[in-house]
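Structure first, then comments.
Number of protein chains: 2
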Amino acid sequence: MIFGLGASAEGSRSALQLPLVRRVREPYRGRWALPGGPLGATESLADAARRNLFETTGLAPRYLEQLYTFGAVERSPDERVVSIVYWALVRADEADQARTTENVRWMPADDLPPLAFDHDEIVAYALGRLRGKVEYSPIAHALLGEEFTLAELRDVYEAVLRRALDPANFRRQIEASGTVEPTGRFLAGGRHRPPRLYRSRVAP
Amino acid sequence: MIFGLGASAEGSRSALQLPLVRRVREPYRGRWALPGGPLGATESLADAARRNLFETTGLAPRYLEQLYTFGAVERSPDERVVSIVYWALVRADEADQARTTENVRWMPADDLPPLAFDHDEIVAYALGRLRGKVEYSPIAHALLGEEFTLAELRDVYEAVLRRALDPANFRRQIEASGTVEPTGRFLAGGRHRPPRLYRSRVAP
DNA sequence: GCAAAAGTGTTAAAAGTACACCCATGG
DNA sequence: CCATGGGTGTACTTTTAACACTTTTGC
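Respectively, the protein sequence lines represent chains A and B.
When the letters of the first sequence are read in order and numbered with our numbering, they come out as residues 1 to 204.
When the letters of the second sequence are read in order and numbered with our numbering, they come out as residues 1 to 204.
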């Protein structure tokens, strides 16, 4: 499962989006589902997740992490299926390269149609984890490009947490965390004071 | 994998322990390993974990949670094995009922012999998760019995976190969290003021 | 100049920390 | 009465939150 940022319904703010694939076979033919696929005998779990994501969406995310393993007996009507789910975050520039075809489409994470299998639950679980993790881990950076302003970063946090954050306090908290550093460059073009640009500085 | 409390090397304090099984077959014959077993076609992942724990150790833990799924290609020398690892916490009274045989033994979690497969890594990962989770979740209660004193609870926290906690502040934090409630009874027998007994009050 | 967002300063509330000190029991 | 841990009080520090205010750009 991949999360990325897109324009929200109103337009001004960002919102979480994720790519879905339309099922062309039974069961759940015609429904939307999370991208996925089989585990090869000679590849690690993470490698298999990367490969399946790339084959279905054309994306090669930088951030990839195991989410949870779902194995209820009745998940699939036919046979027993155990899904080891990974989730990924893609940067804005990466998401632009993503394929959008008849059977692959990005949709807003908080307003999805009913999905195939138990994929609704999986998305809900992933959203909860993302909301929890963004509070203590610098993963929000993974949704932005190489350079970004603090307002853009704050916009990511607000999209994930679904609440407004105080710009002044947000700035101080991020600066104190040491997870970003200024590039020395500024972003011109807005009709206001040009904001400083930062880059992510992940601890080595 | 099961965590429980036992007497520490010094004796006065508690320490985390976990039951291991000695392998009677190749590979890693004679080495100690985590209890585990196959997943049946008609049981959920959690059910399978419970069943395997019970069959090897005789324990039926109340707290059980999925830890992580390990699937590196070279985990097992022979065939590809994917392990969906669950971890459990048992209360002191439950742990007493556990079988201890020639091939099943409780050992201190922070001083284990080299284990079979990648089980050293799995234990290390679980310990890290336990230490992280105890700070924001009332998980430590699951290691104690029905009634317990705040000193016993603090002892659990100290065993997990491996550092001393201020008794006065610990009391206030736990009481403010609302996760315990006094039973009205007291524990007599110590040669000091009898401490109040509490029970766990997990949010419904 | 004005609107808008960047960025700084200040203050109050809340949470966390350290430690002094009284309480109740067994021996 | 004394040692021991239970339990309370309090002062101090750090963190978090709220919001006023100054700065710099486009138009």
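Ideal Cβ positions, reconstructed from N, Cα and C, are used throughout, including at glycine.
Do you know offhand how far residue i's Cα is from residue j's?
{"i": "residue 139 (chain B)", "j": "residue 196 (chain A)", "result": "43 Å"}
{"i": "residue 103 (chain B)", "j": "residue 34 (chain B)", "result": "12 Å"}
{"i": "residue 116 (chain A)", "j": "residue 22 (chain B)", "result": "43 Å"}
{"i": "residue 2 (chain B)", "j": "residue 169 (chain A)", "result": "42 Å"}
{"i": "residue 218 (chain B)", "j": "residue 149 (chain A)", "result": "Outside the displayed span of chain B (1 to 204) sits residue 218 (chain B), for which this structure offers no information."}
{"i": "residue 61 (chain B)", "j": "residue 50 (chain B)", "result": "8 Å"}
{"i": "residue 210 (chain A)", "j": "residue 178 (chain A)", "result": "With chain A running from 1 to 204 in the structure shown, residue 210 (chain A) is simply not present."}
{"i": "residue 123 (chain B)", "j": "residue 4 (chain B)", "result": "13 Å"}
{"i": "residue 44 (chain B)", "j": "residue 17 (chain A)", "result": "31 Å"}
{"i": "residue 174 (chain A)", "j": "residue 180 (chain A)", "result": "7 Å"}
{"i": "residue 100 (chain B)", "j": "residue 106 (chain A)", "result": "55 Å"}
{"i": "residue 188 (chain A)", "j": "residue 132 (chain B)", "result": "43 Å"}
{"i": "residue 111 (chain B)", "j": "residue 202 (chain A)", "result": "32 Å"}
{"i": "residue 78 (chain A)", "j": "residue 135 (chain A)", "result": "40 Å"}
{"i": "residue 25 (chain A)", "j": "residue 58 (chain A)", "result": "21 Å"}
{"i": "residue 52 (chain A)", "j": "residue 121 (chain A)", "result": "20 Å"}
{"i": "residue 155 (chain B)", "j": "residue 108 (chain B)", "result": "16 Å"}
{"i": "residue 98 (chain A)", "j": "residue 85 (chain A)", "result": "20 Å"}
{"i": "residue 166 (chain B)", "j": "residue 95 (chain A)", "result": "50 Å"}
{"i": "residue 192 (chain A)", "j": "residue 113 (chain A)", "result": "40 Å"}
{"i": "residue 93 (chain A)", "j": "residue 186 (chain A)", "result": "19 Å"}
{"i": "residue 163 (chain B)", "j": "residue 129 (chain B)", "result": "17 Å"}
{"i": "residue 200 (chain A)", "j": "residue 194 (chain A)", "result": "19 Å"}
{"i": "residue 66 (chain B)", "j": "residue 190 (chain A)", "result": "48 Å"}
{"i": "residue 176 (chain A)", "j": "residue 172 (chain B)", "result": "29 Å"}
{"i": "residue 76 (chain B)", "j": "residue 76 (chain A)", "result": "29 Å"}
{"i": "residue 137 (chain B)", "j": "residue 137 (chain A)", "result": "18 Å"}
Is it buried or exposed, residue i, if we count other Cβ atoms within 10 angstroms and call 16 or more buried?
{"i": "residue 152 (chain B)", "result": "buried"}
{"i": "residue 119 (chain A)", "result": "buried"}
{"i": "residue 198 (chain A)", "result": "buried"}
{"i": "residue 141 (chain A)", "result": "buried"}
{"i": "residue 126 (chain B)", "result": "buried"}
{"i": "residue 13 (chain B)", "result": "exposed"}
{"i": "residue 91 (chain A)", "result": "buried"}
Between the Cα of residue i and the Cα atoms of the options, which residue gives the shortest distance?
{"i": "residue 211 (chain A)", "options": "A:6, A:1, A:15 and A:7", "result": "The structure shown does not extend to residue 211 (chain A), since chain A is modelled only from 1 through 204, so no value can be given for it."}
{"i": "residue 64 (chain B)", "options": "B:47, B:58, B:83 and B:194", "result": "B:47"}
{"i": "residue 6 (chain A)", "options": "A:89, A:45 and A:81", "result": "A:89"}
{"i": "residue 40 (chain A)", "options": "B:37, B:132, B:127 and B:80", "result": "B:80"}
{"i": "residue 56 (chain A)", "options": "A:20, A:93, A:77 and A:74", "result": "A:20"}
{"i": "residue 37 (chain A)", "options": "A:122, A:82 and A:13", "result": "A:82"}
{"i": "residue 74 (chain B)", "options": "A:94, A:85 and A:42", "result": "A:42"}
{"i": "residue 54 (chain A)", "options": "A:24, A:25 and A:87", "result": "A:87"}
{"i": "residue 183 (chain B)", "options": "B:13, B:94, B:93 and B:147", "result": "B:147"}
From the DSSP secondary-structure annotation, give me the bridge partner or partners of residue i.
{"i": "residue 108 (chain A)", "result": "A:17"}
{"i": "residue 115 (chain B)", "result": "B:32"}
{"i": "residue 198 (chain B)", "result": "B:148 and B:182"}
{"i": "residue 6 (chain B)", "result": "B:15"}
{"i": "residue 84 (chain B)", "result": "B:69"}
{"i": "residue 25 (chain A)", "result": "DSSP lists no partner for residue 25 (chain A)."}
{"i": "residue 101 (chain A)", "result": "A:104"}
{"i": "residue 63 (chain B)", "result": "B:89"}
Hey, is residue i close to the ligand SAM, as in C-beta under 6 Å from one of its heavy atoms?
{"i": "residue 73 (chain A)", "result": "For the ligand SAM, the structure offers nothing, since it holds no ligand at all."}
State whether the region 60-72 of chain B contacts the region 14-33 of chain B, with contact taken as three or more CB pairs (one from each stretch) at a distance under 8 Å.
no
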